[in-house]
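Notes follow the structure.
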Amino acid sequence: LVVSSSMPIRDIEWFGTVTPGVAVHSNRGAKVHDSNGLWGLMRRGVDLTVVVTNNDGGSIFSFLPQASQVDGDTFETLYGTPHGVDFSHLAAAHGVPFVRATSRAELDRALAGSGTRLIEVVCDRSANVGAHEALNAAVVSAVDAVTA
């Protein structure tokens, strides 16, 4: 399992459960910047599933103080840096089969296949922050319950 970019690496570290025997590697890169690797995969017939968590930009900055210190448009320009990439086009340019999974069931179906393929999971940065806040609150409640 290769995990790249800031928040997916943190999410795997904080919340993930890794199957024994699965090696986990991380990379600070991002799919947009190393997309030519798809061409090499198809050319060599590699059986590899690439899952892109697409939050259209810099999700990590939504967790930091600057998220509440500037207006939304300024934040997006300076920190969110949306790329606007349509990954279906990127996959097509390299001849890679593509699936956009919009639900857990669609992701499970897409992961059940084999061969070189690109699966995109579109994520909302604001919803991601909310989910993390809810998880953090649940941890605080659990700790309070056992330490009170």
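Residue numbers (the numbering used here): 25 to 172.
C-beta: ideal position from N, C-alpha, C; glycine also.
Straight-line gap, residue i to residue j (C-alpha atoms, nearest Å)
i: Pro89; j: Val164; result: 21 Å
i: Phe39; j: Val46; result: 16 Å
i: Val120; j: Leu102; result: 32 Å
i: Met31; j: Ile84; result: 6 Å
i: Ser112; j: Asp168; result: 46 Å
i: Phe122; j: Glu144; result: 8 Å
i: Thr171; j: Asn152; result: 29 Å
i: Ala154; j: Gly69; result: According to the sequence as given, residue 154 is Gly; it is not Ala. Cα-Cα distance, rounded: 40 Å.
Close Cβ partners of residue i (< 6 Å) along its chain, the five nearest in sequence each way excluded
i: Ser59; result: Leu114
i: Gly61; result: none
i: Thr73; result: Arg141
Supposed close pair residue i, residue j - CB separation, criterion 8 Å
i: Val109; j: Arg124; result: In fact, because the Cβ distance is near 12 Å, the residues do not count as touching under 8 Å.
i: Trp63; j: His118; result: 5 Å
i: Leu65; j: Val48; result: That pair is no contact at about 20 Å.
i: Asp71; j: Ser138; result: 6 Å
Residue i classed as buried or exposed, judged by whether at least 16 other C-beta atoms fall within 10 angstroms
i: Val193; result: There is no way to answer for residue 193, as the model of the chain reaches only from 25 to 172.
i: Arg128; result: exposed
i: Ala134; result: buried
i: Arg67; result: exposed
i: Ser92; result: exposed
i: Ser86; result: buried
i: Trp142; result: It should be noted that the sequence gives Leu, not Trp, for residue 142. The residue is buried, with at least 16 neighbouring Cβ atoms inside 10 Å.
Option in the options with minimal Cα separation from residue i
i: Asp132; options: Ala155, Val75, Trp63 and Ser29; result: Val75
i: Asn78; options: Gln93, Thr140, Gly104 and Leu135; result: Gly104
i: Ser50; options: Ser28, Gln93 and Ala162; result: Ser28
i: Arg149; options: Leu25, Val48 and Asp80; result: Asp80
i: Ala116; options: Glu157, Thr140, Glu130 and Glu100; result: Thr140
Residues near residue i in its chain [Cβ-Cβ closer than 8 Å; skip 5 each side]
i: Gly82; result: Ser30, Tyr103, Gly104 and Thr105
Cutoff 7 Å; reference residue i; Cβ partners in own chain excluding five residues on either side
i: Ala161; result: none
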